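Each position in the sequence shown, counted from 1, maps to that position plus 11 in our numbering.
Ideal placement from N, C-alpha and C gives every residue a C-beta, glycine not left out.
Nothing here was measured: the structure is a model prediction, and the numbers come from that model.
The structure appears right after this line, and notes come after that.
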Amino acid sequence: MQLCLQHLKPSERDRAAKALGPLESVPLYRVQLEVEPKERRVWGKVQVELVAKGPQPVTELYLRLTPNTRSRQVTLSGAKLNGKAVALELGPEPTLQRIAVEPPVAPGGTVSLEVAVKGTVPKAAPGAESLLGGGGLMGGGKAGADDHGAFSATADVVSLVGVVPQVPPMDDQGQPWAGPQGTGDLALYEPAHVLATLTVPAGWTAHATGTPLGAVPERDGRVRYSFAAAAVRDFPVLVTRGYQSATATVNGVTVESHFAAQDAAVGKRVLKYASQALTEFEKRLGPLPFTHFRVVQAPLSGGAGGMEFPGLVTVGTSLYRAKQDPLSMLSGMPGMEAFQALLGAQGAGLLAQMGESLERTLEFTVAHEVAHQYFAGLVGSDPIHDPVVDESLAQYAALLYMEWAHGPEAAESLRNEALVMPYQFFRLAGGNDGRADRPTGDFDGGELEYGALVYGKAPLLHHASRKLVGDSAFFKALRAYVDTYRFKWACKACFTQELAKASPTNAKALGQLRTRWWEEAHGDEDLGAADLQGLMGAMGGDLGDVKLDAQTQQLLEQLLPQLMGQ
């Protein structure tokens, strides 16, 4: 327990206990995993100790394995409940395993569950290091057909997100929250402590959330890494080879950037961006509770620029290499050959002009992932049923960071590039505007629709609310929202409620704004229609000065649905 609490800043332990109750009653996971990257195998044991907190006795437990959304890539066996062998049953969805608790455990009692874990990690999809490979242009979710590389292996990176089975939150009917649905994030859990050992071959390095407890050589030449984490809602694991690292300190937080050797210059810039973003967020949103925060370069695919977890985020390799080689981000994109043939030399020139824009995208993406440490890492919300809550706040917080760090003009430019343009591209490609506030599984248009409405349109609710109430009330409410729901679960209307407290005369209008931006379809009216030439101009630099002839523009607009994966 004391090892785990090292992960919390001393000043944060009382705040965590106030929100969660006695910290010894928080779920505790003991994780022992071994990884063989060459064979793409992972195995080990996981034990979880739970205190029954509900008003009713505990009669069943569930464990979620997000890699099993479509096939059983990870299996559990040898389950023991309080030291006695028990059966594992398939739960109501493929990611879940159910365990009957007999006899039931009364409130206040302790449940100890141990399982053996074994998995084979699939090879990363072709084009995994391309931002667009295997998906559409405006992706932004993280759980597509191949979960965007969350559970996959390349020659030098093994991403093991979801390999640790975890107990999902339960709804009012006593059923587990829904898991991955093919679009959006993977899952989120109740805050828990984790004590983990990860054993890897010599030459490989393990990365995970938490305070590092050391790396111990084993007699067989392998190395055992240990981590201790406290009050975290997930526990990601990655294993890399040939990576370098850089470190900085922000208000008692050790910030680490881990990156491929060939991307060292960008990896150091990522450290700068992460440190700057954390500095700004701690000023306005309150302190990050953890002593360590990591950014790890990973070969994400299918449109995902980054993935967020408490205490650790990944940023896609494509973004590390985009500025130097803009064409690399298009590698593997459907319609790429037709696109190049259509624009010829002009197309290459257009992509070359995108370098600075792509560097802004990298900085914005890092800020977005850092913002996720607050939404929904610290302030919890359901990422499957209510994805609009945390994604819109993380996206708008990243926009605020650009404003604080680079000024209003830079923020306005990014507002167009990162929020307005995805929606307008989506409409140009034939997509229909619609309700942003819906479960991830209800986005029939997949990643493209999800990105346009959840990452593009929905965050601008906060921009409209800020204009309505003014900066003073808006930032007072934002800080109050974080302070009120720190380590807890927030609701869809909770931030609007904090805004109403800060600006009571605007309470009704704030509710109407949320309805308009999240529940109705006014995107064209609020964000404006766009043509291809206008979108090029919005990207900044010299792109707006490049004129497409009418035939080229018409053909390119016809090609957009194919380029964007539709």
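Are the beta-carbon atoms belonging to threonine 220 and glycine 322 less than 8 Å from one another? Taking 8 Å as the cut-off, the beta carbon of threonine 220 is found closer than this to the beta carbon of glycine 322.
Is the region 230–239 touching the region 271–286 in the sense that three or more CB pairs, one from each, lie closer than 8 Å? Result no; under three Cβ-Cβ pairs closer than 8 Å.
Under 8 Å between C-beta atoms of threonine 194 and glutamate 458: Against a cut-off of 8 Å, the Cβ pair of glutamate 458 and threonine 194 comes out as a contact.
Buried/exposed call for methionine 12, threshold 16 Cβ in 10 Å: Exposed: under 16 other Cβ atoms inside 10 Å.
Touch test, the region 300–318 against the region 511–530, Cβ-Cβ under 8 Å, three pairs minimum: They do not touch, by the three-pair rule.
So what does DSSP say about glutamate 100, is it helix, strand or coil? Three-state DSSP puts glutamate 100 in a strand.
Would you mind sorting histidine 269 into buried or exposed? The rule is 16 or more other CB atoms within 10 Å of its CB. It counts as buried.
Helix, strand or coil, according to DSSP, for proline 179 in the structure here? The answer is coil: DSSP assigns proline 179 none of H, G, I, E or B.
Helix, strand or coil: which one does DSSP assign to histidine 379? Assigned with DSSP and collapsed to three states, histidine 379 falls in helix.
Within 10 Å of its beta-carbon, does glycine 152 have 16 or more other beta-carbons around it, so buried, or fewer, so exposed? Below a pLDDT of 50, predicted positions are generally treated as unreliable, and glycine 152, at 36, falls in that range; the measurement from the model is reported next regardless. Buried is the call here.
Pair within 8 Å by beta-carbon distance, alanine 405 and histidine 379: When the beta-carbon positions are compared, alanine 405 and histidine 379 come within less than 8 Å of each other.
Contact check, leucine 76 vs isoleucine 110, beta carbons under 8 Å: No, the pair does not count as a contact, with Cβ atoms beyond the cut-off.
Mark glutamate 509 as exposed unless 16 or more other C-beta atoms lie within 10 angstroms of its C-beta, in which case mark it buried. Buried, since its Cβ has 16 or more Cβ neighbours within 10 Å.
Among the residues of its own chain, which have a CB less than 6 Å from the CB of leucine 4, if the five just before and after it don't count? Nothing about residue 4 can be read from this structure; the chain reaches only from 12 to 577.
Quick check on leucine 389: does DSSP put it in helix, strand or coil? DSSP places leucine 389 in coil when its eight states are reduced to three.
Would you say glutamine 108 and phenylalanine 162 are within 8 Å of each other, going by their C-beta atoms? Cβ distance not < 8 Å, so glutamine 108 and phenylalanine 162 don't count as in contact.
Helix, strand or coil for alanine 127? Go by DSSP, reduced to three states. DSSP, read as helix, strand or coil, puts alanine 127 in strand.
Quick check: does the Cβ of proline 21 come within less than 7 Å of any heavy atom belonging to the ligand ADP? The ligand ADP is not among the ligands present in this structure, which contains no ligands whatsoever.
Between the CA atoms of alanine 409 and proline 228 - distance to the nearest angstrom: Near 40 Å, if we compare the C-alpha coordinates of alanine 409 and proline 228.
Sequence-distant residues of the same chain with beta carbon closer than 7 Å to threonine 507, five excluded per side: Excluding residues within five positions, the ones whose Cβ falls inside 7 Å are Leu521, Gly522 and Arg525.
Residue environment, glutamate 100, which counts as buried when at least 16 other CB atoms sit within 10 Å: Classification for glutamate 100: exposed.
Contact check, proline 394 vs leucine 199 under 8 Å by CB: the rounded distance? Rounded to the nearest angstrom, the Cβ distance from proline 394 to leucine 199 is 5 Å, consistent with a contact under 8 Å.
Beta-bridge partners of proline 223, as assigned by DSSP: Answer is Phe238.
Spatial neighbours of proline 247 in its chain, beta-carbon cut-off 7 Å, leaving aside the 5 residues before and after: Hits under 7 Å: Val172, Ala219, Thr220, Phe320 and Leu323.
Whether or not the region 525–535 and the region 411–430 are in contact is what I'm after, with contact meaning three or more pairs of Cβ atoms, one per stretch, closer than 8 Å; do they touch? Contact check between the region 411–430 and the region 525–535: fewer than three CB pairs, one atom from each, fall below 8 Å, which does not count as touching.
Could you pull out every residue in the same chain whose Cβ sits closer than 6 Å to the Cβ of alanine 257, ignoring the five residues on either side in sequence? Counting only Cβ-Cβ distances below 6 Å, and skipping sequence neighbours, we find Ser268, Lys279 and Leu282.
Could you give the uninterrupted runs of the alpha helix (DSSP H) lying entirely in the region 21–51, keeping only those of 4 residues or more? Within the region 21–51, the runs of alpha helix (DSSP H) that reach at least 4 residues and sit entirely inside it are, in chain order, 21–31.
Contacting residues, own chain, Cβ-Cβ under 6 Å from histidine 473 (five flanking each side not counted): Closer than 6 Å at Cβ, skipping near neighbours: Tyr407.
Please classify glutamine 335 as buried or exposed, where buried requires at least 16 neighbouring CB atoms within 10 angstroms. Residue burial is scored here from C-beta neighbours: glutamine 335 has fewer than 16 other C-beta atoms within 10 angstroms and is therefore classed as exposed.
Just reading off the alpha helix (DSSP H) that alanine 520 is part of, what are its end residues? Where alanine 520 is concerned, the enclosing alpha helix (DSSP H) stretches over 518–525.
Which first and last residues belong to the alpha helix (DSSP H) in which phenylalanine 506 is found? For phenylalanine 506, the enclosing alpha helix (DSSP H) starts and ends at 505–513.
Which value, in whole angstroms, describes the spacing of the CA atoms of glycine 214 and leucine 16? Straight-line Cα distance between these residues: approximately 30 Å.
With a cut-off of 8 Å on the beta carbons, I'd call proline 176 and valine 126 a contact; round off their distance for me. Contact between proline 176 and valine 126 holds: their C-beta atoms lie close to 6 Å from each other, under 8 Å.
Mapping DSSP to helix, strand and coil, what is proline 191? In the structure shown, the three-state DSSP call for proline 191 is coil.
Below 8 Å between beta carbons: does that hold for serine 123 and glutamine 58? A distance below 8 Å separates the beta carbons of serine 123 and glutamine 58.
Could you have a look at alanine 309 and say whether DSSP puts it in helix, strand or coil? Alanine 309 falls in the strand class under three-state DSSP.
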